[in-house]
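Below is one structure, written out as structure tokens; the observations come after it.
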Amino acid sequence: MKFRFLESGSTFQMGRPNSFGIYNDVSISNVNGNVGFGTAPHASDRIYSDGSIRMTGPARIIRFETQQGGTASGNFTSTKWAPGIHFIRAAGDILGKMEYVDTIDVANFLRFHTGSSPSNDLTIDTDHLVGIGTSNPQAKLHIHGGAGDQLRVHAVSDPIIQFTEGFLGVQEKKGFIQVSGDDLRLGTNSGNETGKFIVRNNGGDRFSIDQVGRVAINMNASGEAIRMNGVDPAINIYQSGVQKSYLWQTGNHLRIGVSDPSGKIIVTSNQVEIGTTIPLPAGYKLGVGGKVLCEELRVKLQSSSWPDYVFEKNYRLRPLQEVEQFIRTYKHLPNIPTAKDVEANGVEVGEMQRKMMEKIEELTLYVIELERKSQELQKRLNKLENK
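Just so you know, the sequence shown maps onto residues 253 to 639 in our numbering.
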């Protein structure tokens with residue numbers, strides 16, 4: 253085996269010849285002291301290797317020294333089972349360490365920290381989980397610490413945390429957290445056309461906003477969907493920046509109204525009940541458990557059955573004798589409900605007004621007939637008196 257020491261120009265070489273007869277296993281520059289392994293020394297690198305560098309055995313360390321300051325600013329410690337890289341000042345102060353922890357008692361992980369004592373400033377385990385402040389991360393990024401900021405995102409303007417889904421190169425933006433000016437935005441991205449913004453609590457979806465802005469609030473155990481508290485709390489509804497309507501709790505009263513005097517409150521539900529829990533019969537829209545006081549009540553019939561038909565020529569007006577017989581038999585007028593019916597079923601105001609008008613018009617016809625007969629009798633009487 254050949255081994256040669258050679259001074260060639262500004263380089264001192266030693267080693268065995270390669271296939272080209274060049275002895276360059278180790279080369280040392282006599283200008284700046286830089287060393288080359290398997291190649292000539294590099295002008296800007298203290299050590300330059302044309303190949304890999306391997307260290308074996310426990311506690312093998314690469315040491316880096318700095319002349320900065322003169323006092324230690326950080327450190328990375330190595331134990332018997334923690335080979336790594338140490339960053340050390342010329343005075344011997346340890347600035348920091350990067351080491352691989354491999355012991356029987358502790359799961360293998362790569363550790364980075366500052367200071368002379370071992371700490372878990374940053375760790376990466378064999379499952380590629382990253383821990384900050386912990387040597388046992390449970391997620392891709394696991395941060396553990398005491399009180400104060402644990403994660404801070406800073407940008408010149410509008411800092412954002414973006415959540416994407418998919419493989420590398422084919423990632424789709426799904427949701428984000430962003431500070432925009434003085435506002436905090438949380439939500440789904442514009443390309444996510446079916447996603448919802450959902451707030452969960454105790455394993456269930458409690459609040460959600462869908463892709464078109466519809467809000468859903470789920471009931472809690474007490475049966476409440478939403479609770480408001482305060483002095484005279486209110487819900488104001490705006491349209492184009494102008495208040496249009498409100499829901500307002502003042503004292504013991506709940507007020508529902510519209511701000512514009514020309515506005516209306518329109519109830520489109522099938523049935524409305526006030527002060528009563530008795531189910532309304534089919535066909536009824538409003539139920540009131542109590543008295544109603546109003547200045548004017550207008551009943552508008554849907555059908556055209558108002559009793560003008562009484563004055564038609566083909567209308568059958570009962571003779572008074574027939575009416576009398578009906579009253580004696582049934583104790584009420586024809587086509588008018590009995591007292592028992594009214595007590596059991598109430599009175600349909602519109603229908604009752606129609607029937608009352610029917611009787612008024614019939615009475616009018618009876619009076620007209622009586623007046624006609626009275627005039628005829630008067631004429632006969634006048635003739636008898638003039639004879």
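Beta carbons: idealized from backbone N, C-alpha and C, even for Gly.
If you're wondering where the values come from, they're calculated on a predicted model, not measured in any experiment.
Contact between residue 337 and residue 347 does not hold, since their C-beta atoms are separated by about 11 Å, which reaches or exceeds 8 Å.
Assignment of residue 638 by DSSP, reduced to helix, strand and coil, places it in the helix class.
By alpha-carbon distance to residue 615, the top candidate from 571, 565, 437 and 490 is 571. Counting along the chain, the unbroken alpha helix (DSSP H) around residue 582 starts and ends at 572-582. CA-to-CA, the gap between residue 639 and residue 629 works out to about 16 Å. Contact between residue 395 and residue 385 holds, since their C-beta atoms are separated by about 6 Å, short of 8 Å.
Counting C-beta pairs closer than 8 Å gives three or more between the segment 581-597 and the segment 607-627, which meets the contact rule. Of all alpha-carbon atoms in 489, 426, 444 and 525, the one lying nearest the alpha-carbon of residue 512 is that of 489. Here DSSP, grouped into helix, strand and coil, assigns residue 491 to strand. Rounded to the nearest angstrom, the gap between the Cα atoms of residue 299 and residue 343 is 22 Å.
Bridge partners of residue 498 according to DSSP: 488 and 509. For residue 382, no alpha helix (DSSP H) encloses it; the enclosing beta strand (DSSP E) starts and ends at 382-384.
Shown here, residue 453 sits in a strand according to DSSP, grouped into three states. If you compare the alpha carbons of 552, 432, 637 and 360 with that of residue 411, the shortest gap goes to 432. Annotation for residue 302: 289, 290 and 291 place their beta carbon closer than 7 Å to its own, counting only its chain and skipping 5 residues before and after.
Relative to residue 617, the option among 599, 519 and 563 whose CA is nearest is 563.
When secondary structure is reduced to three states using DSSP, residue 352 falls in the strand class. Residues of the same chain with a CB within less than 8 Å of the CB of residue 294, apart from the 5 flanking positions on each side, are 286, 288 and 300 in chain order. When the five nearest sequence neighbours on each side are left out, the beta carbons in the same chain lying within less than 6 Å of the beta carbon of residue 460 are those of 448, 450 and 468, in order along the chain. By a beta-carbon distance limit of 8 Å, residue 508 contacts residue 517. Their separation comes to about 7 Å. Pairing residue 529 with residue 541 gives a Cβ-Cβ distance under 9 Å. When DSSP reads this structure, residue 562 sits in no beta bridge, so it has no partner. Residue state for residue 403 is assigned as coil, using DSSP reduced to three classes. Scanning 526, 561 and 536 for the CA closest to the CA of residue 544 turns up 526. In the DSSP annotation of this structure, the continuous segment of the beta strand (DSSP E) that includes residue 424 starts and ends at 422-432.
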